[in-house]
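Numbering (this note's numbering), first residue to last: 508 to 968.
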């Protein structure tokens, strides 16, 4: 892998959908860089510090959320002199997003008073009263024709189906939720999944005409759903719960066909490979060097930091995984499936049980079994699948990247001084990784996987 030099950032960074540009927030400025050269191609000055950025799907426009002001500014790459400013006045703006046609911006006001659709083509705007959430509760079909917007009135949750061409409400139906958490269209746009707040375990599948196709409830007592994700092929719906289990539903019968438990102790028989991150101190032969006492004493004050590499060791079963029991007297317990992500081909799904923050589980959905376990030294901050092939990359806030493929797992050192990978993102064609530290970022060129899926990887690749 090849790494660029670090560049300054102070907030959100994201690739454009066409994978040509990288947008970076640096205080009041929006910096647009070319992905290949990282040269600055556009520089826009906003009226306040940038809290959020989002590209339009056609990569021609980009919006900046200045939530402290609060207002939205949008810019055009093709026409740098063009600008758009959205200010809701006393109602404020808590969140903004693009519509699929890249010509409308949806904003949610403070306290969820209303959701407004603003047109870039004319001065028209359309209001939807009482949106359920600020950043959640809105989902678009894959073809961009319709939007499902969740609202709440008279202590009841509703789903509004809206045409993205005319922005007229095509239908409204009430849903059987106590406190709706979020909504998501199925990948084939044939159904809508809705799940309840953690206080009540409930996953509901609705048709476009408001009929409840299925209701799933794994248990009644205890905290419920924590994460929900459709497989890319649309055939499976994964549900992660606070009971530290992953359940997968079939899209035809809406019945559970797989249940995976995240156990603190993994015993045989188990076909999964267990990779554990271990230190590999650099062996420096200094027997032939003549060092003064002052030099030796000075360097001993700094310890071995910077002279430690890491690698994966394959562990034998049984193995006991590091487990943290959450305190019973505090809200929002760190337990349950907090990270859950499908591979592009829908064959694998990775999960992190938040009470085992240093462990990543990878499940094979073809064989319905555990494929691998990655045991890290530090809590896992982010994990992302390559958008083009079966390759998983994760980071733990250290100077290393960790990768897994069906062929094995390996560690990669980031050769930048004082750079810790706090977050990572793939570009849309899988050739480049964005790595973020607290106030800087770099990019990494990722080599294509060899065609031979049985090729071996080692920790020092």
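Think of the CB as a built atom: it goes at the ideal place given N, C-alpha and C, for glycine as much as any other residue. In this text the structure is predicted, and so the values were computed from the model without any measurement.
Closest in alpha carbon position to residue 881, among 518, 769 and 781, is 781.
Your pair residue 656 and residue 622 checks out as a contact, with CB atoms roughly 6 Å apart and the cut at 8 Å. Under the DSSP assignment, residue 788 falls in the beta strand (DSSP E) whose first and last residues are 780-788. By alpha-carbon distance to residue 949, the top candidate from 924, 935 and 936 is 924. When the five nearest sequence neighbours on each side are left out, the beta carbons in the same chain lying within less than 6 Å of the beta carbon of residue 740 are those of 853, in order along the chain.
Under a 10 Å Cβ-count criterion, residue 676 is classified as exposed, with fewer than 16 other Cβ atoms of the shown protein chains found around its own Cβ. Boundaries cannot be given for residue 898, as no beta strand (DSSP E) includes it and DSSP labels it neither H nor E. If you compare the alpha carbons of 634, 698 and 546 with that of residue 720, the shortest gap goes to 698. Per DSSP, the continuous beta strand (DSSP E) segment holding residue 636 begins and ends at 632-636. For residue 915, the three-state secondary structure derived from DSSP is strand. Put simply, of 727, 643, 597 and 585 the residue whose alpha carbon is nearest the alpha carbon of residue 613 is 643.
Scanning the stretch 701-743 for uninterrupted beta strand (DSSP E) segments of 3 residues or longer gives 710-713, 719-723 and 732-737, listed from N- to C-terminal end.
As the crow flies, the alpha-carbon of residue 586 is around 19 Å from that of residue 554.
Less than 8 Å separates the beta-carbon of residue 777 from that of residue 877.
In the three-state scheme derived from DSSP, where H, G and I count as helix and E and B as strand, residue 619 is classed as helix.
A direct Cα-to-Cα measurement between residue 885 and residue 783 gives close to 11 Å. For residue 717, the CB contacts under 6 Å within the same chain, skipping 5 residues up- and downstream, are 680 in chain order.
For residue 933, the enclosing beta strand (DSSP E) stretches over residues 930-933. About 7 Å separates the beta carbons of residue 872 and residue 743, which is inside the 8 Å limit, making them a contact pair.
The DSSP-derived three-state label of residue 596 is helix. Judged by DSSP in its simplified three-state form, residue 758 adopts coil rather than helix or strand. The C-beta distance from residue 860 to residue 724 rounds to 21 Å, too long to fall under 8 Å, and the pair is not in contact.
For residue 541, the enclosing beta strand (DSSP E) starts and ends at 536-541.
For residue 768, the enclosing beta strand (DSSP E) starts and ends at 763-768. For residue 677, the enclosing beta strand (DSSP E) stretches over residues 676-681. In the three-state reduction of the DSSP assignment, residue 818 falls in the strand class. In the DSSP assignment, residue 590 is bridged to 582. From the listed residues 767, 941, 858 and 840, the smallest Cα separation to residue 846 is found for 858. Secondary-structure assignment with DSSP links residue 879 through a beta bridge to 780 and 869. Shown here for residue 895: same chain residues with a beta carbon closer than 6 Å to its own, the five before and five after excluded, namely 937 in chain order. In the three-state reduction of the DSSP assignment, residue 885 falls in the coil class, being assigned neither a helical nor a strand state.
Taken through DSSP and simplified to helix, strand or coil, residue 665 comes out as strand.
Excluding its 5 nearest sequence neighbours in each direction, residue 935 has C-beta neighbours in its own chain below 7 Å: 522, 524, 526 and 894, listed in chain order. Leaving aside the five residues that flank residue 637 on each side, the residues in its chain whose CB is nearer than 8 Å to its CB run, in chain order, 619, 620, 621, 658, 659 and 660. Using a Cβ-Cβ distance cut-off of 8 Å, the stretch 557-568 and the stretch 539-547 are not in contact, since fewer than three pairs of beta carbons, one from each stretch, lie closer than that value. Assigned with DSSP and collapsed to three states, residue 547 falls in strand.
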